[in-house]
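Chemist: Following UniProt numbering, the numbering of the sequence shown begins with 1 at its first residue and continues without gaps.
Provided herewith is a single structure, encoded as structure tokens, for subsequent inquiry.
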Amino acid sequence: MKRRNLTSALCFISILIISITSCQGKYPVEPEVAIKPSLSDVDDFSDGMAMIKVKGKTGFIDKTGKMVVEPQFEGAGIFSEGLAMVVVEGKRGFIDKTGKIVIEPKFDGAWPFSEGLSNVKVDGKYGFIDKTGEYVIKPEIQGTRDFHEGLARAAEKGRWGYITKDGAVAVMPVYYDSGDFSEGLAAVNRNNKKWGYINDKGMTLIQPKYDEAGEFKEGLAAVRINKKWGFIDEVGRYVVEPKYYKVGNFSEGLAPVFISTGTLGKWGYIDKKGKVKIEAKFQEARDFREGLARVKLSDKYGFINKKGTFVIAPRYKGAGPFREGLAPVTTDGVLWGFIKNPVR
Numbered sequence: 001m002k003r004r005n006l007t008s009a010l011c012f013i014s015i016l017i018i019s020i021t022s023c024q025g026k027y028p029v030e031p032e033v034a035i036k037p038s039l040s041d042v043d044d045f046s047d048g049m050a051m052i053k054v055k056g057k058t059g060f061i062d063k064t065g066k067m068v069v070e071p072q073f074e075g076a077g078i079f080s081e082g083l084a085m086v087v088v089e090g091k092r093g094f095i096d097k098t099g100k101i102v103i104e105p106k107f108d109g110a111w112p113f114s115e116g117l118s119n120v121k122v123d124g125k126y127g128f129i130d131k132t133g134e135y136v137i138k139p140e141i142q143g144t145r146d147f148h149e150g151l152a153r154a155a156e157k158g159r160w161g162y163i164t165k166d167g168a169v170a171v172m173p174v175y176y177d178s179g180d181f182s183e184g185l186a187a188v189n190r191n192n193k194k195w196g197y198i199n200d201k202g203m204t205l206i207q208p209k210y211d212e213a214g215e216f217k218e219g220l221a222a223v224r225i226n227k228k229w230g231f232i233d234e235v236g237r238y239v240v241e242p243k244y245y246k247v248g249n250f251s252e253g254l255a256p257v258f259i260s261t262g263t264l265g266k267w268g269y270i271d272k273k274g275k276v277k278i279e280a281k282f283q284e285a286r287d288f289r290e291g292l293a294r295v296k297l298s299d300k301y302g303f304i305n306k307k308g309t310f311v312i313a314p315r316y317k318g319a320g321p322f323r324e325g326l327a328p329v330t331t332d333g334v335l336w337g338f339i340k341n342p343v344r
């Protein structure tokens, strides 16, 4: 009886080991093709639609590859919040997902909707419209950027500050340059010298001492000092000391970093403690999206997981990131299609 139980246990362990080995060896996989490579000019999917160009005209396809908006526009922007900017006879307006023009093309410039408003340009001045095309902030400002966390950058007399959605000044325009708000902080440069960070009241929370400063992502921001990049937390403490020549943003817990070896270098990934989690061996490396990161190895693009394992082998001449479950890829460098995310 005991011998039979021991034999059964050994059989179970053997099966378990085989199963684990099999699971570990399942990558890379052959990704499912969502849209066959037949497009010469495509963009990533946004809001369920991807912009394409045919014979110089712009239209949109859905995730099945169906042409939802026929190529007819001189230019276009991505769909955002249900609308996309299109160019008709040199003027910008907006269409819905059926291709119907819902905001007449009358603007000299227009950008994707963000937080319910679109940044538009008329006669050299900037303002904001809502989704009906009505002005929420009249085009009377020297320069503006999109709204982020309720505030938008706005320039007067060559200096940048921030405004609210009703056009009120939230932070006075005193900065030589500035960034968007992210996680409650914005990078600012007052005198074309060093960068620091302010809150939405204009209070300096991290003193200006950086040569460059990025947005906060997942609690950390990339900053450059003395030609090297590192990462700081929301109070300005170094979490990763500045020692890298190039870095990306933290996404899904990891950040791409360029590790130099003499005159050469490769990209790898670090965690939020600065520990190298994926060996530096790639020619290119991008932020993680939907569990995968696009990397370049031996002049071909593929996708890795957070263990550094190729989920999709490096076989493409070109590739974009996964967005909404799909990534644009090309094997010949001419015709593009889309593949599905196998881990989503």
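Think of the CB as a built atom: it goes at the ideal place given N, C-alpha and C, for glycine as much as any other residue.
Taking the runs of the beta strand (DSSP E) that are 3 residues or longer, which of them lie wholly in the stretch 114 to 161?
Modeler: Counting whole runs of 3 or more residues, the stretch 114 to 161 contains the beta strand (DSSP E) stretches 118 to 122, 125 to 129, 135 to 141, 143 to 148, 151 to 156.
Chemist: Would you tell me roughly how many angstroms separate the C-alpha atoms of Ile-18 and Pro-342, rounded to the nearest one?
Modeler: The count along the sequence shown starts at 1 and reaches residue 18 at position 18. The count along the sequence shown starts at 1 and reaches residue 342 at position 342. Low local confidence applies: a pLDDT of 36 at Ile-18 is under 50, so the model's placement there is unreliable, and no value is given.
Chemist: According to the neighbour-count rule (16 or more other Cβ atoms, all chains shown, within 10 Å of its Cβ), is Ala-285 buried or exposed?
Modeler: As a first step, residue 285 must be located in the sequence shown, where it is residue number 285. Classification for Ala-285: buried.
Chemist: Would you mind giving the Cβ-Cβ distance between Gly-320 and Asp-44, rounded to the nearest angstrom? I have them listed as a contact below 8 Å.
Modeler: As a first step, residue 320 must be located in the sequence shown, where it is residue number 320. As a first step, residue 44 must be located in the sequence shown, where it is residue number 44. About 5 Å separates the two Cβ atoms, so the contact holds.
Chemist: In chain order, what residues of the same chain have a beta carbon less than 7 Å from the beta carbon of Tyr-27, not counting five sequence neighbours either side?
Modeler: To locate residue 27, count along the sequence shown from 1; it is residue 27. Answer for Tyr-27: Thr-309, Phe-310, Val-311, listed in chain order.
Chemist: Quick check on the DSSP output: what are the complete alpha helix (DSSP H) runs of length 4 or more inside the stretch 203 to 255, in order along the chain?
Modeler: Within the stretch 203 to 255, no complete alpha helix (DSSP H) run reaches 4 residues.
Chemist: Tell me Gly-337's beta-bridge partners as DSSP assigns them.
Modeler: Residue mapping note: residue 337 aligns to position 337 of the sequence shown, counting from 1. In the DSSP output, where bridge partners are listed per residue, Gly-337 has Val-329.
Chemist: For Trp-111, report the span of its beta strand (DSSP E) as first-last.
Modeler: The residue given as residue 111 occupies position 111 in the sequence shown. From DSSP, Trp-111 is part of no beta strand (DSSP E); its letter is neither H nor E.
Chemist: Does the distance from the CB of Gly-124 to the CB of Lys-106 come in under 8 Å?
Modeler: Looking up residue 124 in the sequence shown gives position 124. Looking up residue 106 in the sequence shown gives position 106. Not closer than 8 Å, so no.
Chemist: With distances taken Cα to Cα, identify the nearest neighbour of Ile-339 among Tyr-245, Ser-46, Ser-40, Lys-63.
Modeler: The count along the sequence shown starts at 1 and reaches residue 339 at position 339. Of the listed residues, the one whose Cα sits closest to Ile-339 is Lys-63.
Chemist: Say whether chain C places a C-beta atom closer than 8 Å to the C-beta of Asp-47.
Modeler: Of the chains in the structure shown, none is chain C; there is only one protein chain.
Chemist: In its own chain, which residues sit with a C-beta less than 7 Å from the C-beta of Glu-140, not counting the 5 before and 5 after it?
Modeler: Position 140 of the sequence shown holds residue 140. Taken in chain order, the residues that qualify are Lys-125, Gly-127.
Chemist: Pull up the DSSP beta-bridge partners for Ser-40, would you.
Modeler: Counting from one through the sequence shown, the residue named residue 40 turns up at place 40. Ser-40 pairs with nothing; no bridge assigned.
Chemist: Give the secondary structure of Pro-314 by DSSP, where H, G and I count as helix, E and B as strand, and everything else as coil.
Modeler: Counting from one through the sequence shown, the residue named residue 314 turns up at place 314. Residue state, collapsed to three classes: strand.
Chemist: Check whether the stretch 162 to 173 and the stretch 189 to 197 touch, using three or more Cβ-Cβ pairs below 8 Å as the test.
Modeler: With a cut-off of 8 Å, the stretch 189 to 197 and the stretch 162 to 173 do not count as touching, because too few Cβ pairs lie within range.
Chemist: Ala-187 and Glu-156 - do their beta-carbons sit closer together than 8 Å?
Modeler: For this step, residue 156 is matched to residue 156 along the sequence shown. For this step, residue 187 is matched to residue 187 along the sequence shown. Result no, Cβ atoms of Glu-156 and Ala-187 do not sit closer than 8 Å.
Chemist: Taking the beta strand (DSSP E) that Gly-291 belongs to, which residues open and close that run?
Modeler: Counting from 1 along the sequence shown, the entry for residue 291 is found at position 291. Premise fails: Gly-291 is in no beta strand (DSSP E) and is neither H nor E.
Chemist: Can you give me the C-alpha to C-alpha distance between Ser-114 and Phe-147, rounded to a whole angstrom?
Modeler: Residue mapping note: residue 114 aligns to position 114 of the sequence shown, counting from 1. Residue mapping note: residue 147 aligns to position 147 of the sequence shown, counting from 1. One C-alpha to the other measures close to 6 Å.
Chemist: Out of Val-334, Gly-75, Arg-344, Lys-131, which one is the CA nearest neighbour of Val-102?
Modeler: Stepping through the sequence shown from its first residue, residue 102 is reached at position 102. Considering only alpha carbons, the answer is Lys-131.
Chemist: Run the CB neighbour count on Asn-226, radius 10 Å, all protein chains shown included, and call it buried at 16 or more, exposed below.
Modeler: Reading the sequence shown from its first residue, position 226 is the one you call residue 226. By the 10 Å Cβ count, Asn-226 comes out exposed.
Chemist: How many angstroms separate the CA atom of Lys-296 from the CA atom of Lys-97?
Modeler: Here residue 296 is taken as the residue at index 296 of the sequence shown, counted from 1. Here residue 97 is taken as the residue at index 97 of the sequence shown, counted from 1. Rounded to whole angstroms, Lys-296 to Lys-97 spans 34 Å at the Cα level.
Chemist: Apply the 10 Å Cβ neighbour rule to Ser-38 and answer buried if 16 or more other Cβ atoms are within range, or exposed otherwise.
Modeler: Here the question's residue 38 lines up with position 38 in the sequence shown. Counting Cβ neighbours within 10 Å, Ser-38 comes out exposed, since fewer than 16 surround it.
Chemist: Measure the alpha-carbon distance for Pro-71 versus Ile-206 and round it to whole angstroms.
Modeler: Mapped onto the sequence shown, residue 71 falls at position 71. Mapped onto the sequence shown, residue 206 falls at position 206. Approximately 48 Å between the Cα atoms of the pair.
Chemist: Candidates Leu-117, Pro-328, Glu-149, Ala-152: which alpha carbon is nearest Tyr-135's?
Modeler: The sequence position of residue 135 within the sequence shown is 135, counting from 1. Of the candidates Leu-117, Pro-328, Glu-149, Ala-152, the one whose C-alpha sits nearest the C-alpha of Tyr-135 is Leu-117.
Chemist: Beta carbon of Met-51, beta carbon of Ala-76: below 8 Å?
Modeler: As a working mapping, residue 51 is identified with position 51 in the sequence shown. As a working mapping, residue 76 is identified with position 76 in the sequence shown. Going by C-beta atoms, Met-51 is nearer than 8 Å to Ala-76.
Chemist: Looking at the ligand NAD, does it come within less than 7 Å of Met-49, judged from the CB to the closest heavy atom?
Modeler: No copy of the ligand NAD occurs in the structure displayed, which carries no ligand at all.
Chemist: Using a Cβ-Cβ cut-off of 6 Å (strictly less than) and excluding sequence neighbours within five positions of Val-54, which residues of its own chain qualify?
Modeler: As a first step, residue 54 is located in the sequence shown; it is residue number 54 there, counting from the start. These residues qualify, in order along the chain: Pro-71.
Chemist: According to DSSP, is Phe-45 helix, strand or coil?
Modeler: Here the question's residue 45 lines up with position 45 in the sequence shown. Of the three classes helix, strand and coil, the one that applies to Phe-45 here is strand, per DSSP.
Chemist: Assign Asn-189 to one of three DSSP states: helix, strand, or coil.
Modeler: As a working mapping, residue 189 is identified with position 189 in the sequence shown. Strand, per DSSP.
Chemist: Buried or exposed: where does Thr-330 fall if 16 or more other Cβ atoms within 10 Å of its Cβ makes it buried?
Modeler: Locating residue 330 in the sequence shown gives position 330, counting from the first residue. Burial call: buried.
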